[in-house]
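Structure first, then comments.
2 protein chains.
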Amino acid sequence: MAEAWGVSYATVSRTLNGRSGVDPKTREKVQRVADRLGYSPNLHARSLKTNQTGIIGLILPDISNPFFADIASAVNKVIYAQGYNSILCTTGWDVEIEEKQLSVLLDHRVDGIIFKPSPELTERYANLPIAKVMISNAQDRRFNFVEIDNREGGRIAADHLSDCGYQAPAFIGGDEDSRSNRDRLRGFRERLKERRIELSDKTVRFGGFSIESGYQSVSTLLDQSDRPDCFFCGNDLIALGVLQFLSENRYAVPNAAGVVGFDDVYFSSLPQIQLTTIRQPRHEIGAYAAQALIAALENDDPRPTTHITLQPQLIARNTTIRQSSKQSQETP
Amino acid sequence: MAEAWGVSYATVSRTLNGRSGVDPKTREKVQRVADRLGYSPNLHARSLKTNQTGIIGLILPDISNPFFADIASAVNKVIYAQGYNSILCTTGWDVEIEEKQLSVLLDHRVDGIIFKPSPELTERYANLPIAKVMISNAQDRRFNFVEIDNREGGRIAADHLSDCGYQAPAFIGGDEDSRSNRDRLRGFRERLKERRIELSDKTVRFGGFSIESGYQSVSTLLDQSDRPDCFFCGNDLIALGVLQFLSENRYAVPNAAGVVGFDDVYFSSLPQIQLTTIRQPRHEIGAYAAQALIAALENDDPRPTTHITLQPQLIARNTTIRQSSKQSQETP
DNA sequence: ATGAAAGCGCTAACAC
DNA sequence: GTGTTAGCGCTTTCAT
Chain B
77 MAEAWGVSYA
87 TVSRTLNGRS
97 GVDPKTREKV
107 QRVADRLGYS
117 PNLHARSLKT
127 NQTGIIGLIL
137 PDISNPFFAD
147 IASAVNKVIY
157 AQGYNSILCT
167 TGWDVEIEEK
177 QLSVLLDHRV
187 DGIIFKPSPE
197 LTERYANLPI
207 AKVMISNAQD
217 RRFNFVEIDN
227 REGGRIAADH
237 LSDCGYQAPA
247 FIGGDEDSRS
257 NRDRLRGFRE
267 RLKERRIELS
277 DKTVRFGGFS
287 IESGYQSVST
297 LLDQSDRPDC
307 FFCGNDLIAL
317 GVLQFLSENR
327 YAVPNAAGVV
337 GFDDVYFSSL
347 PQIQLTTIRQ
357 PRHEIGAYAA
367 QALIAALEND
377 DPRPTTHITL
387 QPQLIARNTT
397 IRQSSKQSQE
407 TP
Chain H
77 MAEAWGVSYA
87 TVSRTLNGRS
97 GVDPKTREKV
107 QRVADRLGYS
117 PNLHARSLKT
127 NQTGIIGLIL
137 PDISNPFFAD
147 IASAVNKVIY
157 AQGYNSILCT
167 TGWDVEIEEK
177 QLSVLLDHRV
187 DGIIFKPSPE
197 LTERYANLPI
207 AKVMISNAQD
217 RRFNFVEIDN
227 REGGRIAADH
237 LSDCGYQAPA
247 FIGGDEDSRS
257 NRDRLRGFRE
267 RLKERRIELS
277 DKTVRFGGFS
287 IESGYQSVST
297 LLDQSDRPDC
307 FFCGNDLIAL
317 GVLQFLSENR
327 YAVPNAAGVV
337 GFDDVYFSSL
347 PQIQLTTIRQ
357 PRHEIGAYAA
367 QALIAALEND
377 DPRPTTHITL
387 QPQLIARNTT
397 IRQSSKQSQE
407 TP
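Given below as structure tokens:
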């Protein structure tokens, strides 16, 4: 701000930051000049001095995936309200890009980060001397985290498919390295076992978290001799791919084949889709994560304090056989 | 970087930025120390000096909308590759928030911005002394812009619905203030007129760009005495809302009612949806915008040079009556 | 090839 | 209530 005006820089700073100790008249005068000049404070200079940037870093795999888009959206809503902004980094599920992006965020001296890590990078994140919140995963109490009880989600799916009377379940996952996916499979398998249904390795497939991947996997599974009669999918995109293949190949859903997704992306509820799925409260994930980060930012004790495990929920729709009984239906 | 090591800051700077004029031995030594210390350059300090931040601002209405999510995704992909990062700001279609976010970006001294403006703020953007690319809209040659020929999109829809034999078209738009929406309506109406079909004001409705809005609007339209037999919707979300209502109320699509969307969001192609729509090349929009911005950044002449108008395309699927003839079908 | 030093725009003592 | 000033971590002349 041009100091061509008759006050010192200190006074300007005090005024513009609403600090006390400025004569109301001076304050008003400065404010007017600032407005007239369209003054915009240089946040970099401020950051240099204060070691605060008002920016939080968000590392997510893929924002074209509505699941992450909604999380990002919820995070932003919360942090905007607190005067923060975010730099969103997407990794495309690529570890190297993720590492690179992380460095960039650090170079930008973000106040904190919210991230969905690839497993390989967990240690790297753990050692970061910065406020952070991890989304999903690992029950690693070195972090603040917000996660979904994926194992329970798997159990819920197993119960439901079994209740529906399906006999030959299959699991179609995304990335095999994904911890959340493994947990879903684990819960699925263990609950099936309790119900005396075996989930053989031949009916477990991994691909990616995409429509195409689901389409591919189900095509392979139905080529085998022991055909599954139902599919628990790692996410809704995969399930949509499965449904697409089933529809194209004239498999009757839900009677000839049941499909359960994971996430409850918003279009899963459309009348034309009506996908039975395990809902993750995406908005809550993002909102809680943001709140946790802001709490960490305002807390000088660096030890993690937030460990939130959110419960998934069965949303029974039309891609599995309707049960008359006690299930939770979409419209109770 | 602690200067506890026997070289001057200048040498460190030269080394780390790959400037010439450093003895290879010194260079290596410095590099090693930097690596060992996990040195992370303070980008704010650098920015203060260089007036460059390597950050570009992205202002979009709503990232939960897959249309904008895909644009953001494409933008990021391109700018990452050039060593830039982005701050993504979402406005929730709220002008005040948009203005606020814009100020924040300016305070952060972003190198440039890519934005989808609300009409009220266009002047504000125009006066910004910063590299910028506008997405969609206004044919305003004061800007670099990447836009869709919305009017042509409306004409295409009119041609198609008319070819299908529908007689009583309706238009269900999003925000009435949206220029792109008005252009679609304009093209729609003018082409209908050429074909001797009148689009009365009673069959034109606006709401928002959401499923709920489409659902509401169609319900009102079908309550009227002159019932439309087909709907051209401002975007695919609206169309999905329309389809939902139609499905719940047992209107047979496409025979009793035709529906055309706009955007071709990826789930519109699902077997269960098969929405006829006017495709916008979302990825191209984002990619071109990013390229244009980078070009502007590297060009010291501030005058806008990029004016790209992308053509929408009819994707005929199952929510309109199939034509045997010359239409462009999804799978030719 | 390297160092010294100024200065980017701001904040926060500290003095008056 | 206001001004002076040091310094945040860098880049970049200008000397040497």
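Taken in order, these protein sequences are the chains called B and H. Every letter in the first sequence is one number past the one before it in the numbering used here, and letter 124, counting from 1, is 200. Every letter in the second sequence is one number past the one before it in the numbering used here, and letter 175, counting from 1, is 251. C-beta atoms are modelled at their ideal positions from N, C-alpha and C, and glycine is treated no differently.
Among the options, the one whose alpha carbon lies nearest that of residue i
| i | options | result |
| --- | --- | --- |
| residue 155 (chain B) | B:190, B:124 and B:217 | B:190 |
| residue 356 (chain B) | B:366, B:84, B:144 and B:193 | B:144 |
| residue 202 (chain H) | H:194, H:302, H:232 and H:219 | H:219 |
| residue 379 (chain B) | B:128, B:97, B:204 and B:101 | B:204 |
| residue 186 (chain H) | H:272, H:320 and H:177 | H:177 |
| residue 207 (chain H) | H:142, H:182 and H:328 | H:182 |
| residue 231 (chain B) | B:242, B:159 and B:267 | B:267 |
| residue 399 (chain B) | B:146, B:171, B:348 and B:331 | B:331 |
| residue 302 (chain H) | H:338, H:278 and H:126 | H:278 |
| residue 228 (chain B) | B:259, B:395, B:210 and B:240 | B:259 |
| residue 192 (chain H) | H:161, H:382, H:255 and H:118 | H:255 |
| residue 125 (chain H) | B:131, B:152, B:217 and B:120 | B:120 |
Reduced DSSP category for residue i - H, G, I as helix; E, B as strand; rest coil
| i | result |
| --- | --- |
| residue 408 (chain H) | Low per-residue confidence applies at residue 408 (chain H): pLDDT is 39, beneath 50, and the placement is therefore not dependable, though the value from the model is reported in the following sentence. Correct three-state label for residue 408 (chain H): coil. |
| residue 166 (chain H) | strand |
| residue 203 (chain B) | coil |
| residue 394 (chain B) | coil |
| residue 83 (chain B) | coil |
| residue 121 (chain B) | helix |
| residue 214 (chain B) | coil |
| residue 343 (chain B) | helix |
| residue 403 (chain H) | Any reading at residue 403 (chain H) needs caution, since the residue's pLDDT is 47, under 50, leaving its predicted position unreliable; the model's value is listed next. If DSSP states are grouped into helix, strand and coil, residue 403 (chain H) belongs with coil. |
| residue 282 (chain H) | strand |
| residue 93 (chain B) | coil |
| residue 161 (chain H) | strand |
| residue 131 (chain H) | strand |
| residue 355 (chain H) | strand |
| residue 222 (chain H) | strand |
| residue 381 (chain B) | coil |
Where the alpha helix (DSSP H) through residue i begins and ends
| i | result |
| --- | --- |
| residue 362 (chain B) | 358 to 374 |
| residue 179 (chain H) | 171 to 183 |
| residue 273 (chain H) | Neither: residue 273 (chain H) is in no alpha helix (DSSP H) and is coded neither H nor E. |
| residue 287 (chain H) | 287 to 299 |
| residue 102 (chain B) | 100 to 113 |
Chain B contact residues for residue i, given Cβ-Cβ distances below 8 Å
| i | result |
| --- | --- |
| residue 175 (chain H) | Ordered by position in chain B, no residue passes the 8 Å Cβ test against residue 175 (chain H), which lies about 13 Å from the chain. |
| residue 124 (chain H) | 118, 120, 121 and 124 |
| residue 347 (chain H) | 319, 320, 323 and 324 |
| residue 142 (chain H) | 140, 142 and 145 |
| residue 106 (chain H) | Chain B residues near residue 106 (chain H): none, gap ~18 Å exceeds 8 Å. |
| residue 51 (chain H) | A query on residue 51 (chain H) cannot be resolved here, the shown segment of chain H reaching from 77 to 408 and no further. |
| residue 162 (chain H) | 163 and 164 |
Contacts of residue i in chain B (Cβ-Cβ under 9 Å)
| i | result |
| --- | --- |
| residue 236 (chain H) | Within 9 Å Cβ-Cβ: nothing; residue 236 (chain H) doesn't reach chain B, min ~21 Å. |
Where the beta strand (DSSP E) through residue i begins and ends
| i | result |
| --- | --- |
| residue 339 (chain B) | 334 to 339 |
| residue 208 (chain B) | 207 to 211 |
| residue 232 (chain H) | Note, residue 232 (chain H): premise wrong, no beta strand (DSSP E); alpha helix (DSSP H) at 226 to 240. |
| residue 323 (chain B) | Unbroken run through residue 323 (chain B) is the alpha helix (DSSP H), 312 to 324; no beta strand (DSSP E). |
| residue 157 (chain H) | Run containing residue 157 (chain H): none in the beta strand (DSSP E); it sits in the alpha helix (DSSP H), 142 to 157. |
| residue 245 (chain B) | 245 to 249 |
| residue 197 (chain B) | Counting along the chain, residue 197 (chain B) falls outside any beta strand (DSSP E), and DSSP gives it neither H nor E. |
Residue i beta carbon near the ligand FMN (any heavy atom closer than 7 Å)
| i | result |
| --- | --- |
| residue 130 (chain H) | Among the components modelled here there is no ligand, and therefore nothing to report on the ligand FMN. |
Closer than 7 Å at the beta carbon, the chain H residues around residue i
| i | result |
| --- | --- |
| residue 148 (chain B) | 139 |
| residue 247 (chain B) | Chain H residues near residue 247 (chain B): none, gap ~22 Å exceeds 7 Å. |
| residue 331 (chain B) | The contacting residues do not exist; residue 331 (chain B) stays about 16 Å from chain H at best. |
Within chain H, partners of residue i - CB distance below 8 Å
| i | result |
| --- | --- |
| residue 316 (chain B) | 343 and 346 |
| residue 109 (chain B) | Neighbours of residue 109 (chain B) on chain H: none; closest Cβ ~17 Å, over 8 Å. |
| residue 369 (chain B) | Per Cβ cutoff of 8 Å: no residues; residue 369 (chain B) is ~17 Å from chain H at best. |
Practice task
Pair every Cβ in the segment 107 to 116 of chain H with every Cβ in the segment 108 to 115 of chain B, then say whether three or more of these pairs are closer than 8 Å.
Solution key: no
Exercise for the section: Count the C-beta pairs between the segment 280 to 299 of chain H and the segment 236 to 248 of chain H that are closer than 8 Å, then say yes if the count reaches three, no if not. Expected result: yes
Exercise for the section: Would you check if there are 3 or more beta carbon pairs closer than 8 Å linking the segment 152 to 172 of chain H to the segment 131 to 141 of chain H? Expected result: yes
Exercise for the section: Flag this pair as touching only if the segment 360 to 378 of chain H and the segment 330 to 349 of chain H have three or more C-beta atom pairs under 8 Å; answer yes or no. Expected result: no
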